[in-house]
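Take a look at the structure set out below.
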Amino acid sequence: MNGDNHTCGICGRTTSAHDRDVRFRLPDPVLNSPDQHKAEDSWLSDPDPNIATLMQIPYISPFVRALLPVRLEGGHELRFGVWIAIHPDDLQHACRVWNAPEYSDLKLTGYLANKIQPWGIYKVPVSLAVLNPDHTPYCVSSSDQELNDVLTKEWPHDVLASLP
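Numbering (the working numbering), first residue to last: 418 to 581.
So, in structure tokens, the structure goes:
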């Protein structure tokens, strides 16, 4: 049961607070830069960074948007819409296949470009794969043990308290 009027039997919060998406507007290094995404020679796949899925910011990095799923107790899932810093060659490849049948086979590696609370994970390696051709790629694994735990373990509902 999802909806604002239903209360979770595990934590007492509304169930709508559980199965939700938390989207980062910009990668942290871009957010902290003087011109942000409007720097000269910047490129975004959409002028609105809330909608963009790919971006190239000079002197910072190319980025791809990805979903970072967090399983919560009781069968709920929280998804972070994060930015991943990737290699320029990977950005070119992603641009070529993004709207093509080959998108389903897209796999990328990069570094998490948003700080994920409550864990404080940031700038750690992550592997991406397309799990659903209608979604951006998913974070599927990491050589960083903490991020890998976030991706593979089931978490208590108290992680919801750290979200906006």
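From the three backbone atoms N, C-alpha and C, an ideal C-beta is built for every residue, glycine too.
Remember, predicted model here, so these are calculated numbers, not experimental data.
Whole angstroms are fine: how far does the CA of residue j sit from the CA of residue i?
{"i": "Thr569", "j": "Arg488", "result": "8 Å"}
{"i": "Cys556", "j": "Trp500", "result": "10 Å"}
{"i": "Thr526", "j": "His504", "result": "8 Å"}
{"i": "Leu548", "j": "Pro486", "result": "12 Å"}
{"i": "Pro475", "j": "Gln562", "result": "31 Å"}
{"i": "Trp536", "j": "Val481", "result": "22 Å"}
{"i": "Thr470", "j": "Gln453", "result": "16 Å"}
{"i": "Ala511", "j": "Tyr520", "result": "8 Å"}
{"i": "Glu457", "j": "Asp463", "result": "16 Å"}
{"i": "Gly491", "j": "Lys455", "result": "42 Å"}
{"i": "Leu523", "j": "Leu461", "result": "19 Å"}
{"i": "Ile533", "j": "Asp506", "result": "26 Å"}
{"i": "Leu564", "j": "Ser544", "result": "11 Å"}
{"i": "Arg513", "j": "Asp438", "result": "27 Å"}
Applying the 10 Å Cβ sphere with the 16-neighbour rule, what's the burial state of residue i?
{"i": "Gln473", "result": "buried"}
{"i": "His582", "result": "Because the chain spans 418 through 581 in this model, residue 582 falls outside it and cannot be assessed."}
{"i": "Thr424", "result": "exposed"}
{"i": "Ser559", "result": "buried"}
{"i": "Ala517", "result": "exposed"}
{"i": "Asp566", "result": "exposed"}
On the three-state DSSP scale, how would you describe residue i?
{"i": "Lys455", "result": "helix"}
{"i": "Leu448", "result": "helix"}
{"i": "Arg513", "result": "helix"}
{"i": "Tyr528", "result": "strand"}
{"i": "Asp463", "result": "coil"}
{"i": "Leu495", "result": "strand"}
{"i": "Thr424", "result": "strand"}
{"i": "Gln473", "result": "strand"}
Can you name, in chain order, every residue of its own chain whose Cβ lies under 8 Å from the Cβ of residue i, other than the five neighbours on each side?
{"i": "Asn467", "result": "Arg440 and Arg442"}
{"i": "Asn531", "result": "Phe441, Pro444, Asp445, Phe497, Val499, Trp500 and Tyr539"}
{"i": "Val576", "result": "Val487, Leu489, Leu495 and Pro535"}
{"i": "Glu571", "result": "Arg488, Leu489 and Glu490"}
{"i": "His552", "result": "Leu484"}
Mind reading off the beta-carbon distance from residue i to residue j? Whole number of angstroms is fine, and I expect it under 8 Å.
{"i": "Pro554", "j": "Ala483", "result": "5 Å"}
{"i": "Pro479", "j": "Leu508", "result": "4 Å"}
{"i": "Ala502", "j": "Tyr528", "result": "5 Å"}
For residue i, collect the residues of the same chain with a Cβ closer than 7 Å to its Cβ; drop the 5 residues on either side in sequence, then sort them by chain order.
{"i": "Ile477", "result": "Pro446, Val447 and Ser450"}
{"i": "Pro573", "result": "Glu490"}
Among the residues of its own chain, which have a CB less than 6 Å from the CB of residue i, if the five just before and after it don't count?
{"i": "Ser459", "result": "Ile474"}
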